[in-house]
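K.L.:
Pasting in a structure now, in structure tokens, and then I'll have a few things to ask.
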Amino acid sequence: MALEKKPSKIAVLTSGGDAPGMNPCIRAVVRAGLAHGVRVIGVNNGYEGLMNGEFRELGARDVGGILLRGGTILQTRRSLAFREPRGQREAIRRMNEAGIEGLIVIGGDGSLTGALALHKQGVNVVGVPGSIDNDIWGTNMAIGVDTAMNTIMDAVDKLRDTASSHGRVFLVETMGRSSGYLAVMAGIVSGAEMVLIPERPSTIEEIAKAVENAYLRGKTHAFIINAEGSGHKTEDLAKALEAMDVGFQTRVTILGHIQRGGSPTAYDRLLASRMGVKAVEALMTGKSGVMTGLQGRNIEYIPLEDVVAGKREVNMEYYEMVGLLAR
Ligand code: F6P
Numbered sequence: 005m006a007l008e009k010k011p012s013k014i015a016v017l018t019s020g021g022d023a024p025g026m027n028p029c030i031r032a033v034v035r036a037g038l039a040h041g042v043r044v045i046g047v048n049n050g051y052e053g054l055m056n057g058e059f060r061e062l063g064a065r066d067v068g069g070i071l072l073r074g075g076t077i078l079q080t081r082r083s084l085a086f087r088e089p090r091g092q093r094e095a096i097r098r099m100n101e102a103g104i105e106g107l108i109v110i111g112g113d114g115s116l117t118g119a120l121a122l123h124k125q126g127v128n129v130v131g132v133p134g135s136i137d138n139d140i141w142g143t144n145m146a147i148g149v150d151t152a153m154n155t156i157m158d159a160v161d162k163l164r165d166t167a168s169s170h171g172r173v174f175l176v177e178t179m180g181r182s183s184g185y186l187a188v189m190a191g192i193v194s195g196a197e198m199v200l201i202p203e204r205p206s207t208i209e210e211i212a213k214a215v216e217n218a219y220l221r222g223k224t225h226a227f228i229i230n231a232e233g234s235g236h237k238t239e240d241l242a243k244a245l246e247a248m249d250v251g252f253q254t255r256v257t258i259l260g261h262i263q264r265g266g267s268p269t270a271y272d273r274l275l276a277s278r279m280g281v282k283a284v285e286a287l288m289t290g291k292s293g294v295m296t297g298l299q300g301r302n303i304e305y306i307p308l309e310d311v312v313a314g315k316r317e318v319n320m321e322y323y324e325m326v327g328l329l330a331r
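Start counting the sequence shown at 5; every next residue gets the next number (my numbering).
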């Protein structure tokens with residue numbers, strides 16, 4: 005639904021798994037909103053907070069110093085209740101009551117699906133992609149991906165020191181329940197032998213071969229990056245490799261939620277700032293039901309309908325590149 009007039013009060017929330025860069029995006033929304041002469045409300049605790057009316061007005065000083073902070077000052081939730089029409093109706097009632105005329109949702113797939121549901125019920129909504137998984141259709145990069153990838157790279161760089169000293173293979177588990185993007189790109193920048201991803205199942209024999217080949221080529225260390233949704237439990241895989249005697253001793257490192265924390269990189273701060281400004285501009289010019297998406301060099305408006313229906317695939321060329329470069 006297009007806005008009939010410029011809104012005078014808009015709101016912003018973060019939803020789903022947090023991602024480094026959400027704070028710079030909140031800051032951009034608040035400051036761009038103020039520059040447009042609108043009041044900006046921060047909604048605490050994602051859609052849960054929207055249903056409960058957890059609102060607070062944000063001024064320029066309230067978002068001071070958050071450019072460099074990981075996490076989200078608005079906090080976030082994964083809300084089951086909001087998936088139900090009843091929860092959505094409650095959220096709309098709360099927004100109307102508070103005079104909120106536009107909403108910016110920063111989050112991943114599930115959060116953007118929620119945004120589309122609100123849009124279909126007449127709420128003016130703009131989505132901003134935030135998820136370390138980079139599995140959101142319609143944007144080359146989501147907020148948080150670059151920081152998470154740098155965290156993985158940093159961890160593997162450190163593990164390499166000890167791996168080389170002992171002649172070991174490390175199985176490093178990354179996040180990515182249903183997407184191998186992080187694992188593949190981290191595999192390239194960290195010099196892994198092989199990556200295990202949900203999109204391309206690998207057998208234990210293939211994995212053992214890759215490790216053994218690295219040993220035979222005279223390497224002093226080897227890395228296998230295992231995305232959590234690959235189908236291989238990292239600990240079980242380690243036991244299997246030990247039993248197969250692949251040359252190296254085997255060790256496991258599960259990076260877990262470390263990947264979701266930390267100060268956002270320059271790339272993520274920039275992307276988040278650009279998307280926050282563009283999201284406000286969308287509401288100011290009567291757009292709704294769209295997501296800010298990085299396309300080439302520009303931030304474009306992508307219909308939420310398409311975003312939710314699409315699935316961002318891993319480019320298998322990059323998957324192959326990991327093996328190609330591990331000589
Ligand atoms: O979607 C982002 C993500 O970090 C996934 O990669 C991971 O599987 C999941 O969230 C973890 O969720 P939670 O923080 O609820 O444990």
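Idealized CB from N, CA, C, for every residue including glycine.
For threonine 224 versus threonine 151, is the C-beta distance shorter than 8 angstroms?
P.N.:
Here residue 224 is taken as the residue at index 220 of the sequence shown, counted from 1. Here residue 151 is taken as the residue at index 147 of the sequence shown, counted from 1. Taking 8 angstroms as the Cβ cut-off, threonine 224 and threonine 151 do not qualify as a contacting pair.
K.L.:
Skipping 5 residues on each side, what residues in its chain have a beta carbon closer than 7 angstroms to that of glycine 266?
P.N.:
The sequence position of residue 266 within the sequence shown is 262, counting from 1. These residues qualify, in order along the chain: Pro24, Gly74, Thr151, Thr155.
K.L.:
Measure how close the beta-carbons of serine 182 and proline 202 come, nearest whole angstrom, since I'm counting them as under 8 angstroms.
P.N.:
Locating residue 182 in the sequence shown gives position 178, counting from the first residue. Locating residue 202 in the sequence shown gives position 198, counting from the first residue. That belief holds up - the Cβ atoms of serine 182 and proline 202 are roughly 6 angstroms apart, short of 8 angstroms.
K.L.:
Given that a residue counts as buried once 16 or more other Cβ atoms are within 10 Å of its Cβ, and exposed if not, what is asparagine 319?
P.N.:
One-based indexing of the sequence shown puts residue 319 at position 315. Exposed is the call here.
K.L.:
Just to confirm, does serine 135 get its C-beta within under 7 angstroms of one of the non-hydrogen atoms of the ligand F6P?
P.N.:
Start at 1 with the first residue of the sequence shown, and residue 135 comes out as number 131. Yes, since a heavy atom of the ligand F6P falls inside the 7 angstroms radius drawn around the Cβ of serine 135.
K.L.:
Can you have a look at histidine 170 and say buried or exposed, based on whether 16 or more other CB atoms are within 10 angstroms of its CB?
P.N.:
Your numbering for residue 170 matches position 166 in the sequence shown. Histidine 170 should be labelled exposed.
K.L.:
Spatial neighbours of alanine 338 within its chain, please: C-beta separation below 7 angstroms, excluding the five flanking residues on both sides.
P.N.:
This structure gives no information on residue 338, because the portion of the chain shown stretches from 5 to 331.
K.L.:
Ignoring anything shorter than 3 residues, give me the beta strand (DSSP E) runs that lie fully in the region 32 to 109, in order along the chain.
P.N.:
Those beta strand (DSSP E) runs which fall completely within the region 32 to 109 and span 3+ residues are 43 to 47, 59 to 62.
K.L.:
Do you know offhand how far isoleucine 96's Cα is from alanine 119's?
P.N.:
Walking along the sequence shown from the start, residue 96 turns up at place 92. Walking along the sequence shown from the start, residue 119 turns up at place 115. Rounded to whole angstroms, isoleucine 96 to alanine 119 spans 12 angstroms at the Cα level.
K.L.:
Report buried or exposed for glutamine 263, applying the criterion of at least 16 other Cβ atoms within 10 angstroms of its Cβ.
P.N.:
In the sequence shown, residue 263 corresponds to position 259, counting from 1. With 16 or more other Cβ atoms within 10 Å, it is buried.
K.L.:
Let me confirm a value: threonine 166 is counted as buried when at least 16 other C-beta atoms fall within 10 Å, else exposed. Which label applies?
P.N.:
Residue 166 sits at position 162 when you count from the first residue of the sequence shown. Classification of threonine 166: exposed, given that the 10 Å Cβ count is below 16.
K.L.:
Do you know offhand how far leucine 220's Cα is from alanine 187's?
P.N.:
In the sequence shown, the residue the question calls residue 220 occupies position 216. In the sequence shown, the residue the question calls residue 187 occupies position 183. Those two C-alpha atoms are separated by around 25 angstroms.
K.L.:
Helix, strand or coil for asparagine 230 per DSSP?
P.N.:
Residue 230 sits at position 226 when you count from the first residue of the sequence shown. Strand at asparagine 230.
K.L.:
Check whether the region 64 to 73 touches the region 26 to 38, taking contact to mean three or more Cβ pairs, one atom from each stretch, closer than 8 angstroms.
P.N.:
Contact between the region 64 to 73 and the region 26 to 38 is present, because at least three Cβ pairs lie under 8 angstroms.
K.L.:
Identify, in the order they occur along the chain, each residue of the same chain with its Cβ nearer than 7 angstroms to the Cβ of glutamate 314, setting aside the five sequence neighbours on each side.
P.N.:
Here residue 314 refers to the residue found at position 310 when the sequence shown is read from its first residue. Before going further, note that residue 314 is glycine rather than glutamate in the sequence given. These residues qualify, in order along the chain: Trp141, Gly142.
K.L.:
Can we say the region 45 to 56 touches the region 246 to 256, given the rule of at least three CB pairs closer than 8 angstroms?
P.N.:
With a cut-off of 8 angstroms, the region 246 to 256 and the region 45 to 56 do not count as touching, because too few Cβ pairs lie within range.
K.L.:
Just how far apart, CA to CA, sit methionine 288 and lysine 9?
P.N.:
Mapped onto the sequence shown, residue 288 falls at position 284. Mapped onto the sequence shown, residue 9 falls at position 5. One C-alpha to the other measures close to 8 angstroms.
K.L.:
When burial is assigned at 16 or more other CB atoms within 10 Å of the CB, is alanine 41 buried or exposed?
P.N.:
Within the sequence shown, numbered from 1, the residue matching residue 41 stands at position 37. The sequence given here has glycine at residue 41, not alanine. Answer is exposed; the Cβ neighbour count stays below 16.
K.L.:
Would you say the region 251 to 261 touches the region 98 to 110, given that touching needs at least three Cβ pairs under 8 angstroms?
P.N.:
No, because fewer than three Cβ pairs between the region 251 to 261 and the region 98 to 110 fall closer than 8 angstroms, the two stretches do not touch.
K.L.:
Decide if aspartate 310 is buried, meaning its Cβ has at least 16 other Cβ atoms within 10 Å, or exposed.
P.N.:
The residue labelled residue 310 in the question sits at position 306 within the sequence shown. Exposed is the call here.
K.L.:
My assumption, with CB atoms under 8 angstroms, is that valine 132 sits in contact with alanine 283. Please give the rounded CB distance.
P.N.:
Walking along the sequence shown from the start, residue 132 turns up at place 128. Walking along the sequence shown from the start, residue 283 turns up at place 279. Contact holds; Cβ gap of about 5 angstroms.
K.L.:
Can you say whether proline 11 is buried or exposed, counting buried as having 16 or more other CB atoms within 10 angstroms of its CB?
P.N.:
By one-based count along the sequence shown, residue 11 stands at place 7. Per the 10 Å Cβ criterion, buried.
K.L.:
From this set, Glu210, Asp139, Gly293, Glu94, which residue's C-alpha is nearest leucine 308's C-alpha?
P.N.:
Taking the sequence shown and counting its residues from 1, one reaches residue 308 at position 304. Cα-wise, what sits closest to leucine 308 is Gly293.
K.L.:
Tell me whether the beta-carbon of asparagine 138 lies closer than 8 angstroms to the beta-carbon of arginine 316.
P.N.:
For the purposes of this step, residue 138 is taken as the residue at position 134 of the sequence shown. For the purposes of this step, residue 316 is taken as the residue at position 312 of the sequence shown. In contact: asparagine 138 and arginine 316 (Cβ atoms closer than 8 angstroms).
K.L.:
Tell me the rounded alpha-carbon separation between phenylalanine 227 and glutamate 304.
P.N.:
Locating residue 227 in the sequence shown gives position 223, counting from the first residue. Locating residue 304 in the sequence shown gives position 300, counting from the first residue. Their backbone Cα atoms lie some 38 angstroms apart in a straight line.
K.L.:
Taking 7 angstroms as the cut-off, is the C-beta of glycine 184 nearer than that to any heavy atom in the ligand F6P?
P.N.:
The count along the sequence shown starts at 1 and reaches residue 184 at position 180. Glycine 184 Cβ: outside cutoff for every heavy atom of the ligand F6P.
K.L.:
Between glycine 106 and the ligand F6P, is the CB less than 7 angstroms from at least one heavy atom?
P.N.:
Here residue 106 is taken as the residue at index 102 of the sequence shown, counted from 1. Every heavy atom of the ligand F6P is 7 angstroms or more from the Cβ of glycine 106, so no.
K.L.:
Name the residue from Ala146, Glu88, Ala330 whose alpha carbon lies nearest to the alpha carbon of methionine 55.
P.N.:
Translated into positions along the sequence shown, residue 55 becomes position 51. Nearest C-alpha to methionine 55: Glu88.
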